[in-house]
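Protein chains in written order, with our numbering: chain A, 9 to 282; chain B, 4 to 166; chain C, 4 to 449; chain D, 89 to 242. A virtual CB, placed ideally from N, CA and C, is assigned to each residue, including glycine. Please read all numbers here as calculations on a predicted model, not as lab measurements. Remarks on the structure that follows.
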Amino acid sequence: MSVREYLMPRSVPEAVGLLERHGPELLVMAGGTVAMPLINEGISLPERVMSLRHAGMDRVERRGDVLAIGAAATLSRLLAQDAVPLLSEAARHTASWSIRNMGTVGGNLFTPPPGGDVAVALLALDARVRLAGPRGERDLPLADFFTGFMTTVLASDELLVEITVPTAARETAFIKYGRKHANTPAVVTVAMALERRGGRVGVARLALGAAGPHPIRATNAEAALTGAILDATTIGRAAQAAAAECQPFTDGIATEWYRRRMVGVFVRRALESL
Amino acid sequence: MASTIVTFQLGEREVEVMVKPMTTLQAVLRYQLGQTAVKEGCRQGGCGSCTVLVDGEPMMSCLLPIEEVAGRHVDTLQTALPADAADPLQQAFIAEGAFQCGYCTPGMLLVARALLDRDPHPTRDAIIDALAGNVCRCTGYTPIVAAVEAAARARGDRDERGR
Amino acid sequence: MSPARHVVGRSVARSDALGHVTGRTVFTTDRAFPGLLHLKVVRSPVHHARIRGVDLSEAERVPGFVRALTHADVPHNVYTILGLIGVEPEEEFVLAVDRVRYKGEPIVAIVAESEQAALDAVARVKLDLLELPAVFDVEEALKPGAPIVTHWGNNTFMYEGHPCRRVRFGDVEAAFAQADHIVEGRYDTKPIEHAPTETTAAIAVPEANGRFTVYTNTQALYFSLDNTSIILQVPGNQLHFVGGTVGGGFGGKVDVIVEPLATLAAMKTNRPVKYAFSRQEEMQVSSTRSAWRIYMKDGVMADGRLIARKVTSYADSGAYSRQTPYALTKHAANAAGPYAIPNVSIDAYCVFTNRQPTSAMRGFGITMASFALEVQMDKIAEVVGLDPWAVRFINAYHNGDMKPHRKLVEDATLIETMQAAARLVGHELPDAFRTMTSDPRPDRGA
Amino acid sequence: MKVSGSATLAAPPEAVFAAICDPGALLEVIPGCQEIHQVSADEYRGRIAIRLPAVVGTYDTVVRLVNAEAPTSGELEGHLVGRVGTIGGRAVFHLRGEDGGTVVDYSGTGVVGGPLARLDSRFLEGFARSLVNEGLARLGRRLQPAAAERVAVR
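Right, dumping it as structure tokens:
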């Protein structure tokens, strides 16, 4: 059946209400960069599609000491903000100009690896996600959002509405290693955020993309960094830990073997850049 | 299934179309409005051959449901650049031989136009970044980048003369 | 010659440049026709299966469904690409009959009022398939007990009764026994998709005079016309093929896949019909360059002379021949390279597997040989301790030399090309090589 | 499509096996399961909603438990029919007790038909593995709520 109805709710409650009314067969779409290709190919055959572009979730704004990013904010908007430089950097290395004008930050969280580079940066920044459903809203760490490859904690009647990121300055690095200069899936993506106190690493966050079923934190590598002086030995240890703990996969872009080695290489380079 | 009516600005004129829900902007432009400069290379947002400018921003028309452009300004190569190829950008593409089969050319030109509108003197890296979403299988890109550089220079020369 | 014709050394704008930069160049699917129907194809979801049943009942109920085409509707249901150049057997069906041999093989064509209706109907065709074991590797396919892909009982194309294209020149085994060094190598390449920016497409339009005008982006217009004429069993003069600007081909648009079905659908419905590949079809169903596996064994003397070369090559043709058997013939003629080697033995196998069929692509059969044999030349240089340039000059063929497949070298330019290349990259050649020519060798005078 | 994996649940094999045979438990542990009922001793019918990114649909589902060897092994045979495709397959599972818990090893093969079959098989296999792992994690939580954090899914 061709699409019967294209719904454009004007607010989050309206969107939640439509999702509740039409149930799990309603295709929820933000920027359309994932859904439209499948619809155009005749693989996805939805009867009803709901656009989130007009539901008032497309802003990127500072709110106290956090940056509040609407789930339907475009990647171009994320690139344009300067409150959290790591996020601009991640957006710059995601997709292409036209796609960044369409694709959204929320949608990026649902893009399976080796896509979803912005999600990797968000994970390194201790981002939180706000979900809305008929039973109200809930707010949880992004680290608890992903449950598996293309699966999340989002219930079938819930929507992702906002992502919040602390704006407190940390030392950050973002490296996306792809097969091309730009507009390319990742071989691996590395994002990190550190705080140093008295020469030692206080807080360490290290997130990896294309190295697991979803963006993951390299917690063993983080542990190797925490409390240590950031010298060559520490860096080597953290890179080795990240390579050991990641869960890469083989696809048309790279093999599991190669990705694991590149995790080691790029974690080292990211740390050396700090 | 009810059709939907959408009004938007196409270049200089206002157009109104009646189509099935969620028809792509690409299909409307190509098959209802004669804008066949909007190509159909992949319909996955992967090739850039269907690039249009929406309120001046490059977007992939294959990924845009027509409902999303209601009330907005859309430009295609046919509405954005002159039919006699008098624009320095078009002249530079011809002079540099920035195409072989020509299928990617409309998208390349529109992205280049949007780039030069924002940044009249882009660096080579900025040009490559801007064009990264547009695929060319014939040229190897070098003459395309050279054409955009040449167009930026030509524009600069014109600015100089105007002063 | 008039001054206007002086183009050498000058940049000349292409004749189609103005159309390209203004968006006015007309590509195949830029044409609009009133009442245009859309054709989409139901394809095999598996690599190898027996077809037990096809249920169209639900598809037929989709609003906008016009008709389905099955193998029974196709007058001569076999592609005849090789037949046109006198190569048998014809084995690839236009629409599958009782078996599918690769993932994506066409089974049923659906014609509908809109593309979306065609896609919806395609999604509702129910296939009853019995999946069969599949084989994806050329050497696995030749082992006893491998799943058999072809209808003639083994997985190779037969060349005049032989399972491979063979070249025999001199005595390689005797030469290997005399050689100072043996240099061996195995070379694997992957399939390469042409990925033209414009996908393969045709629009067939019934005309008032009973003829059909077929707009197509084929690279081989009369090839397409002849094939369509044979498949549909209509005289060629009833078909008017209109080609023109091709949005990228690189060899990928010579296979004649869309024109016969588009034309058949136009005949059956008496309406214009468009059959255009989606990007996914272009990538997964259109031919690719074959994957190759090449084994080379060279006998070399201490002074760098190549005295023997033995080549065993396997090209993965995928599930059907298309133009790959011809690639092996070209390969066999070129696997010795532009070198004068007195003893050569080549076995070149065209192997069938359950992969996407492969076909023409820019120098197919030869580029892969060049890759393998030039890496061999570098290895030889390393083994005998000579400059890689020297190894090539020492072995370069000259006019008047006999190539292993018994053709006299008539227009050799390797030596002169290497001299030009050396000049361009600033590489100093010794006098002997700098003054060498491709002229016939004095010791091989008439 | 091939999927295999292993999970450790904090309940003895007998309890795990009983839950696998209990429609009420299955409704709760199969992600997206909207309804399920037992039509015979070893056959269940139900409806499952699947929300892959951008591919949504409900699937009428038939699952049969064959070759059951309580409480150590069994084989599930299933067929899902939906608008965007069909999935038919078999999965073998083995249960073995370990430190008071149960190690579940599973491996299954499936044939995908219809438009769904045109998705990259890496996506389908990865997604199926996620669903099975999530289902087993839920089963673990249901059987031993207090020990939910002990559920380790590989």
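Round the Cβ separation of Tyr132 of chain D and Ile138 of chain D to the nearest angstrom and send it over; I've been treating them as touching at under 8 angstroms.
Incorrect: roughly 17 angstroms between the Cβ atoms, too far for contact.
Leu207 of chain D touches chain A at which residues, Cβ-Cβ below 9 angstroms?
Against chain A, a Cβ distance below 9 angstroms from Leu207 of chain D picks out Leu46, Ile51.
Hey, would you say Phe102 of chain B sits closer than 9 angstroms to His23 of chain C, going by beta carbons?
Cβ atoms of Phe102 of chain B and His23 of chain C: closer than 9 angstroms.
Within a Cβ cutoff of 7 angstroms, which residues of the same chain sit near Arg365 of chain C, ignoring the five residues on either side of it in sequence?
The beta carbon of Arg365 of chain C sits closer than 7 angstroms to those of Phe253, Gly254, all from its chain and outside the five residues before and after it, given in chain order.
Counted within 10 angstroms of its Cβ, other Cβ atoms place Gly12 of chain C as buried (16 or more) or exposed:
By the Cβ neighbour-count rule, Gly12 of chain C is exposed, with fewer than 16 other Cβ atoms within 10 Å of its own.
Is the CB-CB distance between Ala157 of chain B and Phe96 of chain B below 9 angstroms?
The answer is no: Cβ separation not under 9 angstroms.
Could you give the residue range of the beta strand (DSSP E) that holds Tyr218 of chain C?
Secondary structure note for Tyr218 of chain C: its beta strand (DSSP E) is the uninterrupted segment 215-219.
Assuming Met62 of chain B is part of the beta strand (DSSP E), what are its boundary residues?
Residues 60-63.
Status (buried if at least 16 other CB within 10 Å, exposed otherwise) for Ala278 of chain A:
In the assembly as shown, Ala278 of chain A is a buried residue. Its beta-carbon has 16 or more other beta-carbons within 10 Å.
Please tell me whether Gly173 of chain D has its Cβ less than 9 angstroms away from any Cβ of chain C.
At least one CB atom of chain C sits nearer than 9 angstroms to the CB of Gly173 of chain D.
My guess is that Glu285 of chain C and Thr370 of chain C are in contact by the Cβ rule of under 8 angstroms, so how many angstroms apart are they, rounded?
Actually they do not touch by this definition, with Cβ atoms about 21 angstroms apart.
Hey, does Asn155 of chain D have any beta-carbon neighbour from chain A nearer than 9 angstroms?
Interface with chain A (9 angstroms Cβ-Cβ cutoff): Asn155 of chain D is excluded.
Check whether the segment 147-162 of chain D and the segment 425-439 of chain C touch, using three or more Cβ-Cβ pairs below 8 angstroms as the test.
With the rule of 3 Cβ pairs closer than 8 angstroms, the segment 147-162 of chain D does not count as touching the segment 425-439 of chain C.
Inter-residue spacing [alpha-carbon to alpha-carbon] between Ala3 of chain C and Val125 of chain C:
In this structure chain C extends from 4 to 449, so residue 3 of chain C is not present and cannot be described.
At a Cβ threshold of 9 angstroms, is Ser10 of chain A touching chain C?
The C-beta of Ser10 of chain A comes closer than 9 angstroms to at least one C-beta of chain C.
Closer than 9 angstroms to chain B by CB, Val44 of chain C
False, the Cβ-Cβ gap to chain B never drops below 9 angstroms.
What three-state label does DSSP hand Arg158 of chain B in the structure shown?
Here Arg158 of chain B sits in helix by DSSP.
Specify, as a first and last residue, the run of the alpha helix (DSSP H) that Leu233 of chain A falls within.
Per DSSP, Leu233 of chain A is one residue of the alpha helix (DSSP H) stretching across 227-233.
Looking at the structure shown, is Ile69 of chain B part of a helix, part of a strand, or coil, going by DSSP?
In the structure shown, Ile69 of chain B sits in a helix (DSSP, three-state: H, G or I).
Inspect the CB distances between the segment 29-43 of chain C and the segment 95-113 of chain C and report whether three or more fall short of 8 angstroms.
Output reads yes: the segment 95-113 of chain C touches the segment 29-43 of chain C.
Assumed close pair Ile88 of chain C, Arg325 of chain C - CB separation to whole angstroms, cut-off 8 angstroms
With 8 angstroms as the limit, Ile88 of chain C and Arg325 of chain C do not qualify as a contact, their Cβ atoms being about 12 angstroms apart.
Against Thr197 of chain D, what residues of chain A qualify as contacts under a CB-to-CB distance less than 8 angstroms, listed in chain order?
Listed along the chain, the chain A residues whose CB falls inside 8 angstroms of the CB of Thr197 of chain D amount to none; the nearest CB is some 18 angstroms away.
For the putative contact between Thr54 of chain B and Val114 of chain B, defined by C-beta atoms under 8 angstroms, what is the C-beta separation to the nearest angstrom?
Contact between Thr54 of chain B and Val114 of chain B holds: their C-beta atoms lie close to 6 angstroms from each other, under 8 angstroms.
Looking at the secondary structure, which residues open and close the alpha helix (DSSP H) in which Phe396 of chain C lies?
That run of the alpha helix (DSSP H) goes 391-398.
Looking at the C-beta of His23 of chain C, does it have a partner C-beta in chain B at a distance below 9 angstroms?
Taking a beta-carbon distance threshold of 9 angstroms, His23 of chain C counts as an interface residue toward chain B.
Rounded C-beta distance between Leu3 of chain C and Arg53 of chain C? I'm assuming under 8 angstroms.
Outside the shown range of chain C, which is 4 to 449, sits residue 3 of chain C, and nothing can be said about it.
Is Asp258 of chain C close to chain B? Criterion is C-beta to C-beta, closer than 9 angstroms.
Output row for Asp258 of chain C: interface = no.
At the 9 angstroms Cβ level, is Leu331 of chain C part of the contact set with chain D, yes or no?
Interface flag for Leu331 of chain C against chain D is unset, since no Cβ pair is found closer than 9 angstroms.
What are the residues in the segment 228-252 of chain C lying within 7 angstroms of chain A by C-beta distance?
If the cut-off is 7 angstroms between Cβ atoms, the segment 228-252 of chain C has nothing near chain A.
Give me the DSSP bridge partner(s) of Leu168 of chain D.
According to DSSP, which records beta bridges pairwise, Leu168 of chain D is partnered with D:Thr149, D:Ile175.
Alpha carbon to alpha carbon, how far is Arg140 of chain B from Glu201 of chain C?
Each residue's alpha carbon lies about 10 angstroms from the other.
What are the boundary residues of the alpha helix (DSSP H) that includes Trp105 of chain A?
Where Trp105 of chain A is concerned, the enclosing alpha helix (DSSP H) stretches over 105-108.
Could you give the DSSP three-state label for Gln122 of chain D: helix, strand or coil?
Gln122 of chain D sits in a strand when the DSSP states are folded into three classes.
Helix, strand or coil: how does DSSP classify Arg56 of chain A here?
Here Arg56 of chain A sits in strand by DSSP.
Taking the alpha carbon of Gly247 of chain C as the point to measure from, which residue in C:Leu224, C:Gly156, C:Arg70 has its own alpha carbon closest?
Per the Cα distances, C:Leu224.
Anticipated Cβ contact below 8 angstroms, Ala88 of chain B with Thr291 of chain C, distance rounded:
No, Ala88 of chain B and Thr291 of chain C are not in contact; Cβ-Cβ is about 36 angstroms, not under 8 angstroms.
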